[in-house]
Amino acid sequence: MPHRAHRFRRPAAPRRTASRRPSETTLFSGVYGLVLASALAAALDSPGEADEPGSDALWVLLTALASAAAHGYAHVVAHRMSADGNGVRIGLRAMLAEWPVVLASLPTVVLLVTAAPSWWTESQAVNTALVANTLLLAGWGVWTARRAGRGWAASLRAGAADMLIGLVIIAANALIK
5 MPHRAHRFRR
15 PAAPRRTASR
25 RPSETTLFSG
35 VYGLVLASAL
45 AAALDSPGEA
55 DEPGSDALWV
65 LLTALASAAA
75 HGYAHVVAHR
85 MSADGNGVRI
95 GLRAMLAEWP
105 VVLASLPTVV
115 LLVTAAPSWW
125 TESQAVNTAL
135 VANTLLLAGW
145 GVWTARRAGR
155 GWAASLRAGA
165 ADMLIGLVII
175 AANALIK
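Start counting the sequence shown at 5; every next residue gets the next number (my numbering).
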């Protein structure tokens, strides 16, 4: 009767496919974009200067675009893809793969733009962006850990670690100003 033993085995847990997991570039770029936008917004908001939230929003967006392009190009150089006959196409793909840097900067850009018509001050918009980005970092950490198959405890620790980055930026902003 050994042939019936298979009826009592537990079914294997469904395997997650690699295509359902976010890529390493997406994970890295999302965190990088949030941290970049937070640090830049904090740096651009200087006490005693005239409020220019529209200009600051444009700087955050352009810096995110430049950083995404530079990071993608760095991949090209590091992997010597440019020596390939399809170097330009591969290079463009590598740069476009950095879209999460730009996407992650958009909450900060939107909050700064809403300060342009004097709905609130630039400082209020920056402070709100710093808190929002810190919460987004925490959520990003939890989400990516869960997508990687981690349990809730490990995912919450990952979210707390990511949130710590945002809290460091908030603390530095408070100390510098």
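By construction, the Cβ of each residue, glycine as well, lies at the ideal position given by its N, Cα and C atoms.
V64 and L115 have their C-alpha atoms spaced approximately 11 Å apart.
When rounded, the separation of the alpha-carbon atoms in A61 and A119 is 10 Å. Nearest Cα to K181 within the set T67, E28, L48, V35: L48. DSSP places T132 in the uninterrupted alpha helix (DSSP H) bounded by 126-151. Inclusion of L40 and L140 in the CB contact set at 8 Å is not warranted, their separation being larger than that value. For P51, the three-state secondary structure derived from DSSP is coil.
Under the three-state reduction of DSSP, H83 is assigned to coil, being neither helix nor strand.
When the beta-carbon positions are compared, L69 and V117 stay at least 8 Å from each other.
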